[in-house]
Every structure is written in C-alpha cells, then in structure tokens.
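>
Protein chains: 2
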Amino acid sequence: MSYREVLDCLGDPTRRRVFEKLRAGPASVGTLARGMPVSRPAVSQHLQILKAAGLVLDRAEGTRRVYYVDPAGLGPLRAWLDQFWERALAAFKSEAEDS
Amino acid sequence: MSYREVLDCLGDPTRRRVFEKLRAGPASVGTLARGMPVSRPAVSQHLQILKAAGLVLDRAEGTRRVYYVDPAGLGPLRAWLDQFWERALAAFKSEAEDS
DNA sequence: ACAAATGGTAAGTTTTTACTTACGGTAAGT
DNA sequence: ACTTACCGTAAGTAAAAACTTACCATTTGT
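Chains A and B, in that order, are what the protein sequence lines are. First residue of the first sequence? That's 1 in this note's numbering, and the numbers climb one at a time after it. First residue of the second sequence? That's 100 in this note's numbering, and the numbers climb one at a time after it.
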C-alpha cells in the first residue's frame with residue numbers, strides 16, 4: 001500500500017491495461033483476458049500483483065472471480081505526488097535565494 | 100511525455116531514488132552516484148531515461164553535467180490520476196444504479 | 001454423481017531490463 | 001601541451017520479470 005508498490009505495479013504496460021479496463025466497472029478474469037494479447041493465467045497473475053499493491057479488490061461470484069478497482073488504491077500515489085510538488089518547490093525557492 | 104513513459108520510468112526503484120535525490124535541488128552525476136549502491140554509469144543511464152520521460156532537465160556546467168527536476172514533468176501523471184478518479188467514480192455510480 | 005466452466009498455482013522458458021567494465025571525448029587547471 | 005576530473009556510450013553479462021503450458025480445485029448445472 002505504499003506509493004513504491006503502486007509505481008512498481010503500474011510500471012508494467014499489461015498491468016496498466018488491465019487496471020484501465022477495470023475502470024469501466026467490475027469484471028471477471030476471463031472477461032478481462034478476452035481481447036488481450038496475453039493468456040488468461042498471465043492476466044490472473046497481474047491481478048494478484050494489482051491486488052497486493054492495493055489497487056484492486058475481488059469478490060467470489062459463483063465459479064468466477066470478479067475484480068474491481070479499490071477507490072482508495074491510488075491514494076498513496078496521489079499523496080506522494082503532492083508531497084513531491086511541495087518539497088521540489090521549496091527547494092527551488094531556496095535555490096533562487098542563493099543567487 | 101505521456102503518463103505511460105512516466106509510470107514506466109518511475110517503476111524502477113533506483114530511478115526513483117535518483118529522482119527523489121534531485122528533489123533536494125540540482126546535482127551533478129558524480130554527486131548523485133555517491134552513496135548509491137550502483138556505479139556512476141548506471142546512474143547516468145537512469146538519468147537519460149528520466150530525461151526522455153520529461154522528468155528531469157540538464158545543463159552543462161564546465162566539465163560536469165547538472166541535472167534538475169522538470170517542474171512540469173509530473174503533469175501528465177497527475178492529469179491521468181485525476182481523469183482516472185472521474186471515470187472510475189462515474190462507473191461506480193452507474194453500477195449503483197443498476198442494482 | 002457427473003460434466004462443464006472458471007480461475008488460481010507451479011514449473012519452466014523467454015524476454016526484458018538493469019548493471020558492470022572498458023573506452024573515448026570534452027573541459028578546466030597547471 | 002599535458003594532466004586531471006567528469007561524463008556519455010558501447011558491449012557484454014547478470015538478474016529480474018513476464019509469459020506459456022499443464023494441472024488441480026471449486027462451483028454450477030444437469
């Protein structure tokens with residue numbers, strides 16, 4: 001659930017594609033794999049990583065497993081982004097003062 | 100300069116460390132490499148990738164090359180993040196209406 | 001009870017990526 | 001002019017990560 005995990009996770013194109021597919025709404029593994037250039041197990045593995053990073057959640061639904069985005073998942077990334085802005089700006093200011 | 104490049108770029112721990120070091124202010128390659136667990140050429144290569152992603156800029160300063168964060172570099176990532184929120188929220192709403 | 005559908009896991013392979021060493025090139029100092 | 005300092009690039013290696021096939025477990029439906 002740290003921003004590091006999130007970045008490592010979204011650093012892969014296939015994983016991004018899966019994640020963005022889920023943005024449209026919950027979907028099963030098979031549905032997600034359909035139309036992808038990789039096999040279903042590959043998608044399943046990516047989903048585990050997305051889950052470990054806190055980006056998606058899943059629920060059992062009969063014989064199939066439905067995944068959906070965790071709204072709070074991108075929180076750490078956003079927080080890091082904001083914090084980065086602040087510190088970088090502060091550093092830039094103190095740089096300007098030096099000259 | 101797309102969010103994809105930015106994410107691919109920041110998906111590597113060493114690259115993140117270099118980038119975060121630069122947050123404190125401009126620094127030369129040698130300075131950045133000092134105290135890092137990898138060699139100077141490795142840092143140099145990472146800097147090229149960071150530069151290609153639009154995250155850092157560089158200027159020649161005598162025999163040394165100084166790198167510094169591009170304030171606009173994280174823009175695409177932020178935009179993607181915001182857009183993701185909106186769409187995911189919209190999808191969530193229409194999901195709720197279905198039930 | 002059996003068959004079909006769905007998906008996680010293991011093992012192994014392939015591909016990608018990061019890293020190192022070696023080299024050359026440029027700028028500053030003596 | 002020569003030496004020193006600093007850095008990018010090339011080539012090759014090592015390590016990591018993604019992908020596939022094969023298999024097993026669970027659930028649903030007949």
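For each residue, glycine too, the CB sits at the ideal point set by N, CA and C. No experiment lies behind these values; they were computed from the predicted model shown.
For the beta strand (DSSP E) containing B:V155, name the first residue and the last one.
Unbroken beta strand (DSSP E) run through B:V155: 155–160.
> Determine whether the Cβ of B:A159 lies closer than 8 Å to any Cβ atom of chain A.
Not closer than 8 Å to any Cβ of chain A, the Cβ of B:A159 fails to qualify, so no.
> Hey, how far is the Cα of A:A42 from the Cα of B:R164?
Those two C-alpha atoms are separated by around 42 Å.
> Cα-Cα, which of B:G161, B:G174, B:L173, B:F183 is closest to A:L74?
Closest by alpha carbon: B:F183.
> What residues in its chain sit with their C-beta under 6 Å from that of A:S28, if we drop five residues either side in the sequence?
The residues are R64, V66.
> At 3 residues or longer, what runs of the beta strand (DSSP E) sit wholly inside the segment 14–43 of chain A?
Qualifying beta strand (DSSP E) stretches: none in this window.
> Does any C-beta atom of chain A lie closer than 8 Å to the C-beta of B:V168?
Answer yes: the Cβ-Cβ gap between B:V168 and chain A drops below 8 Å somewhere.
> Is the separation between the beta-carbon of B:Y102 and that of B:L154 shorter than 8 Å?
It is not a contact, given that the beta carbons lie outside the stated cut-off.
> Measure the Cβ-Cβ separation of B:P170 and A:A88 and say whether it is below 8 Å.
Their beta carbons are under 8 Å apart, which means B:P170 touches A:A88 by this criterion.
> B:S109 lies in the alpha helix (DSSP H); which residues open and close that run?
It should be pointed out that residue 109 of chain B corresponds to Leu in this sequence rather than to Ser. Run containing B:L109: 102–109, per the alpha helix (DSSP H) assignment.
> When you compare each of B:A189, B:Q147, B:P112 to B:M206 by their alpha carbons, which one comes out closest?
The shown model of chain B, from 100 to 198, leaves out residue 206 of chain B, and the question about it has no answer.
> Is it the case that the Cβ atoms of B:V168 and B:R133 are separated by a distance below 8 Å?
No.
> If you draw a straight line from the alpha carbon of B:A189 to that of A:P26, how long is it in whole angstroms?
About 13 Å.
> For A:R87, return the contacting residues in chain B, with the cut-off set at a CB-CB distance below 7 Å.
Those within 7 Å of A:R87 in chain B are R122.
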